[in-house]
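Chemist: I have a structure I would like to understand better, so I am pasting it below and will then ask my questions one at a time.
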Amino acid sequence: MTTPASRTSQTLIADRPESKMTSITPLKATDLLSLNSINLDVLTENYHLGFYLQYLSDWPAMFFKSTNPADRCTGYMMGKSEGRGLEWHSHITAVTVDCDYRRLGIAKDLVDHLVTCSEESTQDCYFMDLYVRATNRLAIDMYKKFGFSVFRRVVAYYSMGEPSDDGEDAFGKYHQ
């Protein structure tokens with residue numbers, strides 16, 4: 003039996019000749035080094051190494067990457083499952099695509115793969131959520147196309163933890 007963590011997804015992308023096919027595979031700790039160029043993008047949230055390793059340890063089936071035919075990392079998804087008893091949901095912590103591979107459907111493929119992993123997980127997650135910067139119109143519109151809707155605004159979600167910090171608000175988005 004194939005588990006979500008061991009599954010490889012092949013997705014045809016016809017918009018660009020250099021990326022005819024994308025593979026979605028589980029991320030390994032050694033792959034974290036290949037994320038540097040993707041994480042340098044201003045639209046991508048960055049975390050410390052321990053944070054990535056914690057996700058790999060706790061939710062390996064929900065942390066995966068997309069690669070091109072030359073095995074170059076073109077994007078990744080960091081997700082997790084949260085809840086108690088029978089009330090579990092999945093959460094998108096980060097989904098990002100290399101700027102050279104955007105608008106090819108890779109982000110949608112990564113989200114769809116997380117949906118599949120969430121449905122097949124032992125927790126049987128019944129919805130998915132995420133947070134997005136309230137000023138990030140591109141991401142808000144993209145998630146709307148993916149079927150997410152805003153369910154709340156979190157004031158100063160992106161603050162640095164200081165009481166006087168005027169951190170940016172986030173929209174909590176929901177998908178069932």
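Residue 125 in this note's numbering sits at position 123 of the sequence shown, and the numbers go up by one each step.
Yeah, the Cβ is synthetic: ideal placement off N, Cα and C, and Gly gets one too.
Which residues bound the beta strand (DSSP E) around Tyr-78?
Modeler: Where Tyr-78 is concerned, the enclosing beta strand (DSSP E) stretches over 75-86.
Chemist: Would you report the Cα separation of Asp-126 and Ser-120, rounded to the nearest angstrom?
Modeler: Going from the Cα of Asp-126 to the Cα of Ser-120 covers about 6 angstroms.
Chemist: Rounded to the nearest angstrom, what separates Ser-36 and Ser-151 at their Cα positions?
Modeler: The alpha-carbon atoms of Ser-36 and Ser-151 are separated by roughly 32 angstroms.
Chemist: For Ser-68 versus Ile-26, is the C-beta spacing smaller than 9 angstroms?
Modeler: Yes, the Cβ-Cβ distance between Ser-68 and Ile-26 is below 9 angstroms.
Chemist: Just to confirm the assignment: which complete beta strand (DSSP E) runs, minimum length 3, are found wholly within the stretch 114-147?
Modeler: Fully enclosed beta strand (DSSP E) runs of 3 or longer: 130-135.
Chemist: Taking its Cβ as the centre, do 16 or more other Cβ atoms sit within 10 Å of Ala-63, making it buried, or is it exposed?
Modeler: It counts as buried.
Chemist: Per DSSP, Ala-96 is paired with what?
Modeler: Beta-bridge pairing links Ala-96 to Met-80.
Chemist: Taking 8 angstroms as the cut-off, is the C-beta of Leu-42 nearer than that to any heavy atom in the ligand ATP?
Modeler: This structure does not include the ligand ATP; it has no bound ligands of any sort.
Chemist: Whose C-alpha, out of Asn-48, Val-157, Thr-32 and Tyr-57, is nearest the C-alpha of Ser-92?
Modeler: When each option's Cα is compared against that of Ser-92, the closest is Tyr-57.
Chemist: Could you have a look at Pro-28 and say whether DSSP puts it in helix, strand or coil?
Modeler: Reduced to three states, the DSSP call for Pro-28 is strand.
Chemist: Relative to the C-alpha of His-50, which residue among Trp-61, Asn-38, Val-44 and Asp-60 is closest?
Modeler: It is Asn-38 whose Cα lies nearest to the Cα of His-50.
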